[in-house]
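Student: When we follow this note's numbering, the leftmost residue of the sequence shown carries the number 805, and every step to the right adds one.
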Amino acid sequence: MSSDTVDRKIAVIFVADVVGYSKHMEKDENATIKAYSACEKILNQLLKKYKGSVFNTAGDSVLVEFSSAVNAVECAVDFQNEIRKRNISDKTDTKLEFRIGINMGDVVQREGNLLGDGVNIAARLEALAQPNGISISKSVYDFVVPKTKITFNNLGLQKVKENTFHAYDILLDHSQKRTLKTQSSSHIKLLAGVAVALIIALAGFLMLGLDGKEEKITEFQETSKPVILVTPVKSSGLSEDQQGFARGITESMISTFSSYTGIRVLSSSTSFHVSENNMTDKEIRDEYGVNFVIRGSMQVMGNNARLNVEVTDLKIGEVVKTEKRDFELSEIFKVQDEISDKVLGSIQTDLGTGDYIKTFMAKLDNIEDFTMSLNWVRAWRSYSPEGYEKSKAILDELNLRYPQGNPFLDVLGSWQISQRIRLNLSDDVEADKKELRSLLEQLTTNYPKYPDAFNARALIGLTRLGATCEEAIADIDHAEKMGGGQETLMIGAAVYNNCGQGKKAIARLKEVLKLVPNDPRWFQTGLLVSFMYQDKQAPEKIYEVVGEKINADDMDPRILAIYSIFEFENGDEDKAISYYKRALKNGFRKDRLEFTKDPEYTAKTHDIIDKIDSLASK
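(1) For Leu-1317, verify whether its CB is less than 7 Å away from any heavy atom of the ligand FMN.
(2) Please confirm whether Glu-1404 has its beta-carbon closer than 8 Å to some beta-carbon of chain C.
(3) Expressed to the nearest angstrom, what Euclidean distance is found between the alpha-carbon atoms of Lys-852 and Leu-1070?
(4) Quick check on Asp-1094: does DSSP put it in helix, strand or coil?
(5) Helix, strand or coil for Arg-1205? Go by DSSP, reduced to three states.
(6) Near Ser-943, what residues of its chain come up, given a Cβ to Cβ distance below 7 Å and the 5 sequence neighbours on each side ignored?
(7) Could you give the C-beta distance for Leu-1263 and Ala-1276, rounded to a whole number, given that I count them as a contact under 8 Å?
(8) Where does Asn-1355 sit, in a helix, a strand or coil, going by DSSP?
(9) Going by DSSP, name the residue or residues bridged to Val-1069.
(10) Give me the residue from Gly-1041, Cys-1273, Val-1316 with the minimum Cα distance to Tyr-1300.
(11) To the nearest angstrom, report how far apart Lys-1253 and Arg-1185 are at their CA atoms.
(12) Taking all protein chains shown into account, decide if Gly-1330 is buried (16 or more other Cβ within 10 angstroms of its Cβ) or exposed.
(13) Go through its chain and collect everything with a Cβ distance to Ala-1365's Cβ below 8 Å, but skip five positions before and after it.
(14) Taking the DSSP output, what are the residues bridged to Gly-1106?
(15) Which first and last residues belong to the beta strand (DSSP E) in which Gly-909 is found?
(16) Gly-905: buried (16+ other C-beta within 10 angstroms of its C-beta) or exposed?
(17) Beta-carbon separation of Val-816 and Phe-870 under 8 Å?
(18) Using DSSP with H/G/I as helix, E/B as strand and the rest coil, what is Arg-1268?
(19) For Lys-1345, is the classification buried or exposed, using 16 other Cβ atoms within 10 angstroms of its Cβ as the cut-off for buried?
(20) Report, in whole angstroms, the separation of the C-beta atoms of Asp-973 and Gly-937, which I expect to be a contact under 8 Å.
(21) What residue does the beta strand (DSSP E) around Arg-1130 start on, and which one ends it?
(22) Is the beta carbon of Leu-1216 sitting closer than 8 Å to the one on Leu-1199?
(23) In or out: Ile-837 buried (at least 16 other Cβ within 10 Å) or exposed?
(24) Are there 16 or more other CB atoms within 10 angstroms of the CB of Asn-1095, so buried, or fewer, so exposed?
(25) Does the separation of the CB atoms of Thr-1054 and Val-1031 fall below 8 Å?
(26) Taking the straight line between their C-alpha atoms, what separation do you get for Glu-1127 and Asn-1112?
(27) State buried or exposed for Asp-864, treating a residue as buried only when at least 16 other CB atoms are found within 10 Å of its CB.
(28) Output needed for Gln-913: all residues of its chain with C-beta closer than 6 Å, excluding positions within five of it in sequence on either side, in chain order.
(29) Going by C-alpha distance, which of Phe-947, Arg-1089, Gly-1304 is nearest Pro-1403?
(30) Look up Ala-880 in the DSSP assignment and say whether it is helix, strand or coil.
(31) Would DSSP call Thr-861 helix, strand or coil?
(32) Just verifying my parser: in three-state terms, what is the DSSP assignment at Gly-1016?
(33) Span of the alpha helix (DSSP H) holding Arg-928?
(34) What are the boundary residues of the alpha helix (DSSP H) that Ile-1381 is part of?
(35) How long is the line joining the alpha carbons of Gly-824 and Arg-903, rounded to whole angstroms?
Here you go:
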């Protein structure tokens, strides 16, 4: 097992690319290189001024990380203005133009490089930008607009392949104002050699790192995220100039499945490695920890084609899902997206998300919105300012898609406000509380058979709005009668724990784990261990719950912190420090172990944590 861990952070990503670079090189290679060097010098000077750091280059492209969205935008504006001045100069023979895209989002840091959706969306924005233009995401716009006099043009929601984002143009002059329709992969037409070239280029981009090197195949890291492998799509009946189709579909399916953060999708390089070495299902499971294998095949007859996809659950060794579609070749990506969505929905059900699926899908229009809602849950559950901002951005995007309102999204909105108060991010706490009361009362009145509304009022009312334990428990009882399942049990456990009824809380969480055997990110297990600790149950009982899973890469930080406390009390300082450092790396904060019903126990716990922290700092 690899000792490497995934290092995530929120970053502002700036991507710049030369317009028509290949044509410039064909026309005059030496002049183009000289011109690019001059432009590069301008950019480097500005990066020094605005504190940007280049983390990757790819020929005529440059990828830069900023810690400030304002700095990134001002750097982009100054750069484009300087390039315009240069191009107006009589001394300039080769006039290069740039497109720039800027996004703020979650990225993965690996060996000095940055990867993930935060980078991908920045690249999509760069491709969307006009020559001499700058396109930014809504996450950047929201931070920058109150702090600058720059003029922006709202482009609305844009969908470029697997990424959907709200985009804005920065208007350096009025001539750059434009109107764009929402882009969709379903509108892509695969026309002869041009389309094939695009598919092959896409496959190459996804298979290669931004430095142009093939992605390294890594060992499986144990994680609570179920692991999925998409094997290369097999094809028959394709002409020589169509051979890129199958590979393009494989890459596209990997991208679609990767949009949901609750699963881990192995890279295309791993996929093709597995295929080239004819690995068996057992070898795939043992070497990479794969839970589900997705296999596809495509038969082409003239302009008509058939795509078959099947999902194998390696735990039971059986095919659990099949999808088949006949279509015209020009519709290939549309069909692939539809099949991938159906397969993803099936896998998510099998992963043990329980009644989340039924509840979410009943209130949302499509699998894409559903996936966004699940990603909202994961961001929100980080209980951090960064997680709050990410979940807020997701919820804002979802609300744009449902302008007439949606009770499910309103419930998420109540949890969003509650977290803002909890994390001390509220500008006006009393105003937020007033909004919460109004929203929850409206939901429970208008939707008396909607369990999630009563779940929210129960816990939020108890912890933020001064409700009594009797009122909160009555809401939980009502949610149970209305068919509330996993979510009601989990929130009910939190209610009972806050009301000093630890045994009932623990019993409910054990029921949750029966419904969710694949506990996403150990969240439910983390709650159970935390409640067992608060109930002062013996360490042996807690160790029994977690077992060898404690070594998982993404183990809940509360569990690791409690293990650290136990080992410290047992006299093993080295183990205590080791668990504590892992807890910190996974996002541990002391307030995750606050027991308001027993302030003395809280104080004791914090005192031990402080001692361990002091030892770990030496």
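Glycine included, every Cβ here is placed at the ideal spot set by N, Cα and C.
Quick caveat: nothing in here was measured; it's all calculated off a predicted structure.
Tutor: Taking the definition as stated:
(1) Looking at this structure, you won't find the ligand FMN or any other ligand, since it has none at all.
(2) Protein chains in the displayed structure number just one, and chain C is not present.
(3) Taking the first residue of the sequence shown as position 1, residue 852 is located at position 48. Taking the first residue of the sequence shown as position 1, residue 1070 is located at position 266. Taking the straight line from one Cα to the other gives about 37 Å.
(4) Within the sequence shown, numbered from 1, the residue matching residue 1094 stands at position 290. Note that residue 1094 is Val in the sequence shown, not Asp. It is coil, neither helix nor strand.
(5) The residue given as residue 1205 occupies position 401 in the sequence shown. Here Arg-1205 sits in helix by DSSP.
(6) Along the sequence shown, read from residue 1 onward, the residue named residue 943 stands at position 139. Taken in chain order, the residues that qualify are Asn-907, Met-908, Gly-909, Ala-1197.
(7) Along the sequence shown, read from residue 1 onward, the residue named residue 1263 stands at position 459. Along the sequence shown, read from residue 1 onward, the residue named residue 1276 stands at position 472. Contact holds; Cβ gap of about 7 Å.
(8) To locate residue 1355, count along the sequence shown from 1; it is residue 551. Reduced to three states, the DSSP call for Asn-1355 is helix.
(9) Locating residue 1069 in the sequence shown gives position 265, where the first residue counts as 1. BP columns for Val-1069 point to Ile-1032.
(10) By 1-based counting over the sequence shown, the position of residue 1300 is 496. Minimum Cα distance to Tyr-1300 is reached at Cys-1273.
(11) The residue you call residue 1253 lines up with position 449 of the sequence shown. The residue you call residue 1185 lines up with position 381 of the sequence shown. So the alpha carbons of these two residues sit roughly 26 Å apart.
(12) In the sequence shown, the residue the question calls residue 1330 occupies position 526. Buried, by the Cβ-count rule.
(13) For the purposes of this step, residue 1365 is identified with residue 561 of the sequence shown, where counting begins at 1. The answer, listed in chain order, is Tyr-1383, Tyr-1384, Ala-1387, Phe-1392, Arg-1396, Leu-1397, Ile-1413.
(14) For the purposes of this step, residue 1106 is identified with residue 302 of the sequence shown, where counting begins at 1. DSSP, once it has assigned bridges, lists no residue as partnering Gly-1106.
(15) Taking the sequence shown and counting its residues from 1, one reaches residue 909 at position 105. Its beta strand (DSSP E) spans residues 902 to 914.
(16) The sequence position of residue 905 within the sequence shown is 101, counting from 1. Buried, because 16 or more other Cβ atoms sit within 10 Å of the Cβ of Gly-905.
(17) Residue 816 sits at position 12 when you count from the first residue of the sequence shown. Residue 870 sits at position 66 when you count from the first residue of the sequence shown. Yes, the Cβ-Cβ distance between Val-816 and Phe-870 is below 8 Å.
(18) Numbered from its first residue, the sequence shown carries residue 1268 at position 464. DSSP places Arg-1268 in helix when its eight states are reduced to three.
(19) To locate residue 1345, count along the sequence shown from 1; it is residue 541. Exposed.
(20) Along the sequence shown, read from residue 1 onward, the residue named residue 973 stands at position 169. Along the sequence shown, read from residue 1 onward, the residue named residue 937 stands at position 133. Confirmed, about 6 Å.
(21) One-based indexing of the sequence shown puts residue 1130 at position 326. Residue 1130 is actually Asp in this sequence, not Arg. Taken as a continuous stretch (DSSP letters only), the beta strand (DSSP E) holding Asp-1130 covers 1122 to 1132.
(22) On the sequence shown, residue 1216 is found 412 positions in, with the first residue counted as 1. On the sequence shown, residue 1199 is found 395 positions in, with the first residue counted as 1. In this structure, Leu-1199 lies closer than 8 Å to Leu-1216 by Cβ.
(23) Taking the sequence shown and counting its residues from 1, the one referred to as residue 837 is at position 33. When all chains shown are included, Ile-837 counts as exposed.
(24) Mapped onto the sequence shown, residue 1095 falls at position 291. Buried.
(25) Taking the sequence shown and counting its residues from 1, the one referred to as residue 1054 is at position 250. Taking the sequence shown and counting its residues from 1, the one referred to as residue 1031 is at position 227. Cβ atoms of Thr-1054 and Val-1031: not closer than 8 Å.
(26) Taking the first residue of the sequence shown as 1, we reach residue 1127 at position 323. Taking the first residue of the sequence shown as 1, we reach residue 1112 at position 308. Straight-line Cα distance between these residues: approximately 6 Å.
(27) Position 60 of the sequence shown, counted from the first residue, corresponds to residue 864. Asp-864 is buried by the Cβ-count criterion.
(28) Within the sequence shown, numbered from 1, the residue matching residue 913 stands at position 109. For Gln-913, where only same-chain residues beyond five positions count, the Cβ hits under 6 Å are Asp-811.
(29) As a first step, residue 1403 is located in the sequence shown; it is residue number 599 there, counting from the start. Looking at the Cα atoms, Gly-1304 is the closest of the given residues.
(30) In the sequence shown, the residue the question calls residue 880 occupies position 76. Residue state, collapsed to three classes: helix.
(31) Within the sequence shown, residue 861 is the residue found at index 57, counting from 1. If DSSP states are grouped into helix, strand and coil, Thr-861 belongs with the strands.
(32) Here residue 1016 corresponds to residue number 212 of the sequence shown, with the count starting at 1. Confidence is the limiting factor: at Gly-1016 the pLDDT is only 35, short of 50, which leaves the residue's position unreliable and the question unanswerable from this model.
(33) Position 124 of the sequence shown, counted from the start, is the residue given in the question as residue 928. Arg-928 -> alpha helix (DSSP H) spans 921 to 932.
(34) By 1-based counting over the sequence shown, the position of residue 1381 is 577. 1377 to 1389 is the span of the alpha helix (DSSP H), which, as asked, contains Ile-1381.
(35) In the sequence shown, residue 824 corresponds to position 20, counting from 1. In the sequence shown, residue 903 corresponds to position 99, counting from 1. Looking at the two C-alpha atoms, the distance is approximately 10 Å.
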